[in-house]
Each structure stands twice: as C-alpha cells, then as structure tokens.
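Engineer:
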Amino acid sequence: MDLISIIVPCYNEEEALPLFYRELQQVMTQMELTTFEVIFVDDGSSDGTLAWMRELHRRDKRCRYLSFSRNFGKEAAIYAGLLHAEGDYVATMDADLQDPPALLPQMYRVLREEDYECAAARRVTREGEPGLRSFLSKQFYHCANRISQVEFKDGARDFRLMSRKMVQAVLELGEYNRFSKGMFSWVGFRTKWLDYENVERAAGETKWSLRKLFLYALEGIAGFSTAPLMAAAVCGCIVCMLALLFGVAGIGALFAGTSLWAGAFLLAGLVLLVSGVQLLCGGISSWYLARTYLEVKHRPVFILQESGGGQEHAEKKCIFETIVPKKGEETQYGTSA
Ligand code: UDP
Ligand code: MG
Numbered sequence: 000m001d002l003i004s005i006i007v008p009c010y011n012e013e014e015a016l017p018l019f020y021r022e023l024q025q026v027m028t029q030m031e032l033t034t035f036e037v038i039f040v041d042d043g044s045s046d047g048t049l050a051w052m053r054e055l056h057r058r059d060k061r062c063r064y065l066s067f068s069r070n071f072g073k074e075a076a077i078y079a080g081l082l083h084a085e086g087d088y089v090a091t092m093d094a095d096l097q098d099p100p101a102l103l104p105q106m107y108r109v110l111r112e113e114d115y116e117c118a119a120a121r122r123v124t125r126e127g128e129p130g131l132r133s134f135l136s137k138q139f140y141h142c143a144n145r146i147s148q149v150e151f152k153d154g155a156r157d158f159r160l161m162s163r164k165m166v167q168a169v170l171e172l173g174e175y176n177r178f179s180k181g182m183f184s185w186v187g188f189r190t191k192w193l194d195y196e197n198v199e200r201a202a203g204e205t206k207w208s209l210r211k212l213f214l215y216a217l218e219g220i221a222g223f224s225t226a227p228l229m230a231a232a233v234c235g236c237i238v239c240m241l242a243l244l245f246g247v248a249g250i251g252a253l254f255a256g257t258s259l260w261a262g263a264f265l266l267a268g269l270v271l272l273v274s275g276v277q278l279l280c281g282g283i284s285s286w287y288l289a290r291t292y293l294e295v296k297h298r299p300v301f302i303l304q305e306s307g308g309g310q311e312h313a314e315k316k317c318i319f320e321t322i323v324p325k326k327g328e329e330t331q332y333g334t335s336a
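All letters in the sequence shown, in the order written, are residues 0 to 336 by numbering that gives the first Met the number 0.
#1: CA-CA distance, residue 336 and residue 14?
#2: When the Cα of residue 200 is compared with those of 140, 162 and 128, which residue comes out closest?
#3: Spatial neighbours of residue 276 within its chain, please: CB distance less than 8 angstroms, with the 5 preceding and 5 following residues excluded, ordered by chain position.
#4: Just to confirm, are residue 169 and residue 186 a CB contact at a threshold of 8 angstroms?
#5: Is residue 74 closer than 8 angstroms to residue 177 when the C-beta atoms are compared?
#6: When the distance is taken between beta carbons, is residue 198 closer than 8 angstroms to residue 99?
#7: Going by alpha carbons, who is nearest to residue 35 out of 61, 285, 283 and 48?
#8: Comparing C-alpha positions only, which one of 292, 63 and 230 sits nearest to residue 85?
#9: Using DSSP with H/G/I as helix, E/B as strand and the rest coil, what is residue 218?
#10: With distances taken Cα to Cα, identify the nearest neighbour of residue 214 among 160, 136 and 269.
#11: Spatial neighbours of residue 19 within its chain, please: CB distance less than 8 angstroms, with the 5 preceding and 5 following residues excluded, ordered by chain position.
#12: Quick check on residue 280: buried or exposed, where buried means 16 or more other Cβ atoms within 10 Å of its Cβ?
#13: Say the cut is 7 angstroms; is the CB of residue 13 nearer than that to a heavy atom of the ligand UDP?
#14: Grab me the residues of residue 338's own chain with a C-beta within less than 8 angstroms of its C-beta, minus the 5 sequence neighbours each way, in chain order.
#15: Please state whether DSSP places residue 0 in a helix, a strand or coil.
#16: For residue 162, write down the residues that DSSP places opposite it in a beta bridge.
#17: Measure the CB-CB distance between residue 40 and residue 76 and report whether it falls below 8 angstroms.
#18: Looking at residue 33 and residue 59, is the spacing between their C-beta atoms short of 8 angstroms?
#19: Can you name, in chain order, every residue of its own chain whose Cβ lies under 7 angstroms from the Cβ of residue 81, other than the five neighbours on each side?
#20: Alpha carbon to alpha carbon, how far is residue 183 from residue 286?
#21: Looking only at its chain, what residues have a beta carbon closer than 8 angstroms to the beta carbon of residue 292, apart from the 5 residues adjacent to it on each side?
#22: Enumerate in chain order the residues of its own chain whose CB-to-CB distance from residue 158 is below 6 angstroms, with the five nearest sequence positions on each side excluded.
#23: Kindly indicate which residue of 111, 57 and 272 has the alpha-carbon position closest to the one of residue 163.
#24: Quick one: residues in its chain with C-beta nearer than 7 angstroms to the C-beta of residue 154, no 5 flanking neighbours on either side, listed in chain order?
#25: Going by DSSP, what residue range makes up the alpha helix (DSSP H) through residue 179?
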C-alpha cells in the first residue's frame with residue numbers, strides 16, 4: 000500500500016485549519032487504498048495554530064506536526080516538510096483550501112497510471128485576486144521566463160504530488176535561499192499540469208503583502224538567472240559603441256571644418272568611452288561572480304531519471320553523482336589540479 004505524505008505550511012491559520020482538515024479527511028477516506036501522513040508545519044504562528052496541531056495529533060496519529068521557533072517563511076516550511084516526509088509520494092498544499100484537496104485522487108492516478116513523476120496544479124483564472132496583484136504576477140512570469148533557463152509556468156501553484164524520486168532530487172538542492180517553483184522546474188522530471196479555476200481563501204487572510212511578493216519575485220529571479228549580473232557588461236558594450244559613433248562623428252566634423260561640433264562630439268565620445276569601459280570591466284567581474292555564485296550553490300551537475308542495466312542499485316547511487324574531473328584532465332576552465 001502506498002504511503003502519501005502531505006505537507007501543509009501554516010502561518011496563523013487557526014481559522015482555516017479545521018475546514019482544511021475536514022475536507023482532507025473526506026479525500027483520505029475516499030482514497031482507501033492508500034495510507035497517509037499529514038505533516039503540518041507551523042511557521043512560527045502567533046495564534047492558536049500550534050495548539051490545534053497538538054490536539055489533532057493526539058486525536059489522529061496520521062497527522063504530525065513540526066513547529067518553527069519563529070517565522071522562517073513558506074519556503075522553509077516546505078523544505079522542512081520534504082525532509083521529514085517518508086511517503087512514496089509527497090504532496091505540498093496550502094492550508095487555506097486554495098489548493099483543493101479534491102484534486103489529490105486525480106494527481107495520484109496520474110502518477111500511478113501514466114508516465115509522470117509529478118502532477119501539479121495550475122490556476123487558469125485569477126478571479127477574486129486584486130487586479131494589481133494579477134498584473135504584477137503576470138509581469139513577473141513574463142520577465143522571469145525571458146531571462147532564466149528554467150520555465151516558470153504562469154498560474155502554477157506550489158500544490159503538487161511528486162514521486163519519491165523527484166523529492167530526493169529537490170532535497171539534493173541544499174541552497175539556503177529557496178524558491179520552490181524554480182526548484183521543481185529545475186530538477187526536471189515529467190510533470191502533468193492539471194488546470195483548475197481559482198478558489199478563494201476559505202478563512203483568514205493572505206500572508207503575502209505586495210512588498211513580500213516583490214521580494215519573493217526578486218528571490219526567484221536571483222536564484223535562477225544570472226542575467227541581472229551580466230546587465231552591466233551589456234550596457235558597457237552599448238556605451239562603448241556609442242562612444243565610437245561620437246568619435247567618428249567628431250573626426251568627420253573636424254574634417255568638415257566645424258571645430259565647435261568636432262570638440263563637442265569628441266568630448267562626448269571620450270566621456271562615454273571612459274564610462275563604457277568601466278561598465279564593461281564591472282560586467283566582466285560580474286561574469287566571474289555569476290559563475291562563482293552558481294558553483295557555491297553546489298547544485299548537482301545532472302539528475303538521472305532512470306537508467307537501464309548496470310549494477311543493482313546503480314541508478315540510486317548515480318542519481319546525484321557530480322562529475323569531478325580527474326587530476327590533470329582538461330576541462331572547459333583549463334587543466335584541473
Ligand atoms: N505561509 C507560511 N509562512 C509564511 C506565509 C505563508 O507557511 O510566512 C503558508 C500559509 O499559512 C498558507 C500558504 O503558506 O498555508 C500560502 O499562504 P497564503 O494563502 O497567505 O498565500 P496566497 O495564497 O495568498 O499566495
Ligand atoms: Mg492562499
């Protein structure tokens with residue numbers, strides 16, 4: 000019998016949790032051929048959330064809880080849940096019923112019967128959400144997809160059911176600044192997207208102010224794209240080209256005998272050249288910084304989904320194998336020591 004772990008990050012959710020549990024209980028009863036563990040993660044709540052979790056754990060042993068010493072954020076709560084989950088399949092979902100538990104049986108069927116490692120939910124409408132928030136979210140997805148190598152699906156929620164294989168891959172990314180949407184996408188694996196209409200919060204209030212959302216968006220961009228670091232180099236190149244144009248115009252004006260224009264053009268060209276070279280130098284340093292940044296994240300070089308043949312358990316062993324060049328071997332960065 001499969002064990003499904005459900006991770007629920009909770010921050011001041013005392014009003015929503017009883018409604019959530021009631022609905023989840025119905026789904027768990029419906030899925031009688033599976034067993035469940037529900038991991039509620041109290042993210043430093045200041046209301047009765049933790050007390051409710053303790054009481055629930057006393058009554059229903061399938062429900063466990065973890066409680067943080069302070070508010071570390073939803074990403075930290077998801078990570079803690081993933082670390083503690085023991086299931087063959089692991090789901091993450093919000094406590095406010097915006098991620099309908101009723102989708103869970105369908106997600107489970109997708110993973111069991113079809114060739115997918117992940118079934119994820121995607122809102123196709125944003126009805127009920129403030130207009131400004133929808134607009135800014137759309138802009139974020141547009142911009143992030145342009146400058147990042149991983150795909151950020153518009154409307155994607157953190158609500159998903161993953162196979163153990165995919166969970167292990169996500170856990171392999173031990174970085175401190177976590178952005179789950181990007182990580183789920185970065186590790187790859189076949190994902191089926193299940194569309195659904197937006198659902199409004201069952202009770203309580205959203206914990207995301209525009210400021211928090213903005214910082215979250217920056218986190219996503221900084222974590223999965225080094226394009227902003229390279230922007231200085233691109234600007235530097237453009238400014239240097241402008242300097243060249245002004246230089247040519249200045250020399251042209253000198254030959255034409257209009258020395259006033261020649262002086263102005265040459266001066267402008269000189270100023271642009273100096274700032275362009277500075278920007279370019281800054282950009283080159285950023286290029287190295289970007290590479291160092293990617294190195295210190297210690298992300299695996301590749302993730303195997305499957306392998307055929309080889310020793311027993313070879314697949315397991317080499318899933319997160321990092322390619323380390325042998326001594327003296329030629330690499331793209333030169334000869335390794
Ligand atoms: N949450 C959390 N820590 C936080 C903020 C939110 O664990 O610092 C949880 C929250 O309790 C909920 C989920 O993350 O279960 C989504 O939060 P919310 O509903 O406020 O976000 P929204 O749906 O408005 O984007
Ligand atoms: Mg919500």
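Note that beta-carbon positions come from the ideal geometry of N, C-alpha and C, so glycine has one too.
This one's a predicted model, so the numbers in the text were calculated from it and none came from an experiment.
Structural biologist: Quick answer:
#1: Since pLDDT at residue 336 reaches only 41, below the 50 mark, its modelled position is unreliable, and the value read off the structure follows with that caveat. Cα-Cα distance, rounded: 59 angstroms.
#2: 128
#3: 235 and 239
#4: yes
#5: yes
#6: yes
#7: 61
#8: 63
#9: helix
#10: 136
#11: 7, 12, 94, 95, 96, 100 and 201
#12: exposed
#13: no
#14: The requested residue 338 is not part of the displayed model; the chain covers only 0 to 336.
#15: coil
#16: 88
#17: yes
#18: no
#19: 6, 89, 166, 169 and 170
#20: 26 angstroms
#21: 225 and 228
#22: 92, 98 and 120
#23: 111
#24: 121, 122 and 123
#25: 179-185
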